[in-house]
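Peer 1: Provided herewith is a single structure, encoded as structure tokens, for subsequent inquiry.
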Amino acid sequence: MVAAPVRLDLVYADWCPHCVPISTDLAEGLSRLLGIPLRRLDIDVPEQEREADRLVEAYGDNTPDYLIPQLFLERSDGSVEHLLTGVPGDPARGTRSEWERVLRRFSAGSSP
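According to my numbering, the residues represented by the sequence shown are 672 to 783, in order.
The following block contains the structure:
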């Protein structure tokens with residue numbers, strides 16, 4: 672049996688067009704759909720950056736200057752799943768298509 676989702680984590684920055692408003696809005700909607708809280712980790716806020724770096728290093732698409740946004744799903748058994756990384760280029764195309772993939776996965780009738 673798959674452990675229950677307990678939290679979404681969005682690693683982002685306010686200046687990033689792939690993050691705001693596309694990812695911030697869609698992450699809010701996904702958290703409501705799943706009935707779990709969303710934790711936003713802004714890489715420009717030092718205490719949030721430390722936790723964002725930890726998540727990305729352990730579970731995400733990690734490089735010295737990693738891409739944002741990145742989205743993670745935490746589960747009740749302590750596992751963490753990387754769901755999404757922003758796609759360089761036009762935010763309305765690559766990153767939005769990644770969000771559409773994630774949202775399809777968790778749409779009505781799907782198991783988180």
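In this text, a Cβ means the ideal position worked out from N, Cα and C, and glycines have one as well.
Quick check for students: name the residue ranges of the alpha helix (DSSP H) that lie wholly in the segment 675-740, counting only runs of 4 or more.
Peer 2: The qualifying runs are 695-705 and 717-730.
Peer 1: Could you tell me whether the Cβ atoms of L742 and L679 are closer together than 8 Å?
Peer 2: Against a cut-off of 8 Å, the Cβ pair of L679 and L742 comes out as a contact.
Peer 1: Can you name, in chain order, every residue of its own chain whose Cβ lies under 7 Å from the Cβ of V758, other than the five neighbours on each side?
Peer 2: Closer than 7 Å at Cβ, skipping near neighbours: G765, T766 and E769.
Peer 1: Look at the alpha carbon of N733 and the alpha carbon of P740, and state the distance between them as a whole number of angstroms.
Peer 2: 12 Å
Peer 1: Determine the DSSP secondary structure at R776, reduced to helix, strand or coil.
Peer 2: helix
Peer 1: So what does DSSP say about R764, is it helix, strand or coil?
Peer 2: Residue state for R764 is assigned as coil, using DSSP reduced to three classes.
Peer 1: So Y683 and R703 are supposed to be a Cβ contact under 8 Å. How far apart are they, rounded?
Peer 2: Your pair Y683 and R703 does not check out as a contact, with CB atoms roughly 18 Å apart and the cut at 8 Å.
Peer 1: Whole angstroms is fine: what's the gap from I707's alpha carbon to P688's?
Peer 2: When rounded, the distance between both Cα atoms is 25 Å.
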